[in-house]
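Under the working numbering, the first residue of the sequence shown is numbered 11, with each subsequent residue one higher. Below is one structure; the comments refer to it alone.
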Amino acid sequence: MKEYMIPWWKTDLGEKETKKIGQSILAGHITQGPVTQKLEGCLAEILDVPYAVLTINGSSALLMSLLACGIKPGDEIIIPNLTFVATALAPRLLGAKIKLVDVEYLRPLIDVEQVKKSITGKTKAIIPVHLNGRAADIRAINKLGRRHGITVIEDAAQALCSRNSSGCLGTQSEMGIFSLAITKLITTVQGGLVVTRSKKLFDKLRAIRDYGITKKDGLLLKQGITGFNFKFNDILASIGLSQIKRVREKIKTIRDNYILYQNGLKGLDYINLIDVRVEEGELPLWVEALCVQRDKLIQLLKRKGILAKPYELPICELLPGAQGKRYKRSELYAGSGLILPSGPDQSKDDLLYVIETLKEIKRII
11 MKEYMIPWWK
21 TDLGEKETKK
31 IGQSILAGHI
41 TQGPVTQKLE
51 GCLAEILDVP
61 YAVLTINGSS
71 ALLMSLLACG
81 IKPGDEIIIP
91 NLTFVATALA
101 PRLLGAKIKL
111 VDVEYLRPLI
121 DVEQVKKSIT
131 GKTKAIIPVH
141 LNGRAADIRA
151 INKLGRRHGI
161 TVIEDAAQAL
171 CSRNSSGCLG
181 TQSEMGIFSL
191 AITKLITTVQ
201 GGLVVTRSKK
211 LFDKLRAIRD
221 YGITKKDGLL
231 LKQGITGFNF
241 KFNDILASIG
251 LSQIKRVREK
261 IKTIRDNYIL
271 YQNGLKGLDY
281 INLIDVRVEE
291 GELPLWVEAL
301 CVQRDKLIQL
311 LKRKGILAKP
321 YELPICELLP
331 GAQGKRYKRS
341 ELYAGSGLIL
351 PSGPDQSKDD
361 LLYVIETLKE
371 IKRII
């Protein structure tokens with residue numbers, strides 16, 4: 011038995027982050043200012059996009075992107091049934107109607123064929139989700155968007171620095187959103203990001219972040235678009251600047267962790283890693299697996315000092331009125347999926363202990 015619990019996610023914040031925060035405070039940079047702008051520039055460079063806008067969290071980033079493309083009550087937004095609830099709540103806050111589609115059979119990603127069948131004259135946006143760094147078929151979805159005049163917004167909240175053959179996920183459509191929460195590759199504790207290649211959308215996003223009011227030399231000129239107070243701050247941006255210096259190291263560790271599990275769990279027929287194409291550039295933020303007796307396994311691991319996290323419930327089960335039909339594939343993943351201990355600062359010894367424990371549990375399940 012471990013003397014301490016191995017967490018399902020571990021990332022370290024320490025002296026370097028504290029020093030950066032102190033520097034901002036001493037320089038008088040506390041609210042949104044030059045440190046935020048510097049972090050935006052660093053993230054834009056990493057993602058190879060011209061424009062990046064920081065905000066308070068990934069949910070707000072998604073809401074801002076919908077406001078920027080003019081979503082209004084009654085508009086239809088297509089999203090996958092298997093995603094974090096914020097993907098559905100942001101359109102609902104604007105009075106839009108979400109249309110759920112199921113995921114692929116082999117990977118928990120939005121099924122393009124079902125997207126095609128769900129498009130109507132009221133469809134205004136499609137939000138493919140790059141779940142846990144896996145690349146949705148963004149080329150096919152963008153093609154649908156162009157054909158029908160529909161905006162495509164990539165939900166890459168869990169996919170910072172994950173790639174496909176066309177580059178970084180989240181950068182290949184009109185807009186992409188990311189989360190910088192504590193369980194992400196780079197954290198500002200809380201934070202979100204919207205990126206775009208459009209100067210027009212960039213200007214809209216910056217206005218939306220600041221109540222929708224246009225300013226010049228600090229003076230309020232006019233309210234040109236509906237917005238709110240989505241502003242970031244330099245204290246949290248300071249943490250991000252410290253974190254970003256370790257981004258290459260973090261990427262390598264996360265890949266190494268996945269491969270360690272992949273090799274260590276070979277031959278175990280009761281648990282199967284959910285596919286991530288690391289050789290193609292996908293970055294498995296979390297190590298996810300399927301287990302028919304998922305809940306029992308989580309309890310057995312806990313007795314051994316290991317915390318694992320169950321998959322989120324599908325949207326059809328979370329939100330009133332979202333039901334109406336079965337989504338068998340996403341329900342399968344939601345019912346059997348779990349996240350094993352992950353993160354850029356998990357020790358290799360702890361991960362090896364998890365693997366050995368899973369081998370021992372095979373005899374029980």
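Yeah, the Cβ is synthetic: ideal placement off N, Cα and C, and Gly gets one too.
Worksheet item: With a cut-off of 8 Å, do at least 3 Cβ pairs link the stretch 81-100 to the stretch 131-138?
Response: yes
Worksheet item: Excluding the five sequence neighbours on either side, which residues of its own chain have a C-beta within less than 6 Å of the C-beta of P320, listed in chain order?
Response: In the sequence shown, the residue the question calls residue 320 occupies position 310. Cβ within range, chain order: L348.
Fill in: Residue environment, N116, which counts as buried when at least 16 other CB atoms sit within 10 Å
Here residue 116 refers to the residue found at position 106 of the sequence shown. With the sequence shown as reference, residue 116 is identified as Leu, and Asn is not the correct amino acid for it. That one is exposed.
Fill in: Classification of I108 by the beta-carbon crowding that lies within 10 angstroms, buried from 16 upward
What you label residue 108 is simply residue 98 of the sequence shown in a count that begins at 1. Counting Cβ neighbours within 10 Å, I108 comes out buried, since at least 16 surround it.
Fill in: Reduced DSSP category for I16 - H, G, I as helix; E, B as strand; rest coil
Translated into positions along the sequence shown, residue 16 becomes position 6. Of the three classes helix, strand and coil, the one that applies to I16 here is strand, per DSSP.
Worksheet item: R287 to R144, Cα distance in whole Å?
Response: As a position in the sequence shown, residue 287 is number 277, starting the count at 1. As a position in the sequence shown, residue 144 is number 134, starting the count at 1. Looking at the two C-alpha atoms, the distance is approximately 7 Å.
Worksheet item: When DSSP labels each residue in this structure, what does F188 get in the three-state scheme?
Response: Position 178 of the sequence shown, counted from the first residue, corresponds to residue 188. If DSSP states are grouped into helix, strand and coil, F188 belongs with the strands.
Item to complete: Return yes when the Cβ of E184 is within less than 7 Å of the Cβ of V199, no when it is not.
Response: Residue 199 sits at position 189 when you count from the first residue of the sequence shown. Residue 184 sits at position 174 when you count from the first residue of the sequence shown. No.
Discussion item. Can you tell me which residues form a DSSP beta bridge with D85?
Written reply: Locating residue 85 in the sequence shown gives position 75, counting from the first residue. Beta-bridge pairing links D85 to no other residue.
Practice prompt. Could you spell out the range, first to last residue, of the beta strand (DSSP E) harbouring A135?
Written response: What you label residue 135 is simply residue 125 of the sequence shown in a count that begins at 1. Run containing A135: 133-136, per the beta strand (DSSP E) assignment.
Worksheet item: What is the DSSP secondary structure of V205, counted as helix, strand or coil?
Response: Looking up residue 205 in the sequence shown gives position 195. It is a strand residue.
Practice prompt. Determine the closest residue to T93 out of D279, S75, S69, with distance taken between C-alpha atoms.
Written response: Within the sequence shown, numbered from 1, the residue matching residue 93 stands at position 83. Taking only the C-alpha atoms, the option nearest T93 is S69.
Practice prompt. With distances taken Cα to Cα, identify the nearest neighbour of T181 among I160, I192, L203.
Written response: Taking the first residue of the sequence shown as position 1, residue 181 is located at position 171. Residue L203 is the option with its Cα nearest to T181.
Item to complete: Could you tell me the boundaries of the beta strand (DSSP E) in which T263 lies?
Response: Working through the sequence shown from its first residue, we reach residue 263 at position 253. Note, T263: premise wrong, no beta strand (DSSP E); alpha helix (DSSP H) at 257-274.
Worksheet item: Identify the residues that DSSP records as bridge partners of L342: which are they?
Response: Position 332 of the sequence shown, counted from the start, is the residue given in the question as residue 342. None, per the DSSP bridge assignment.
Worksheet item: Got a sec, what are the start and stop residues for the beta strand (DSSP E) A62 sits in?
Response: Mapped onto the sequence shown, residue 62 falls at position 52. A62 -> beta strand (DSSP E) spans 61-65.
Discussion item. Looking at the strands, I want to know which residues DSSP matches up with T130.
Written reply: In the sequence shown, counting from the first residue as 1, residue 130 sits at position 120. BP columns for T130 are empty, so no partner.
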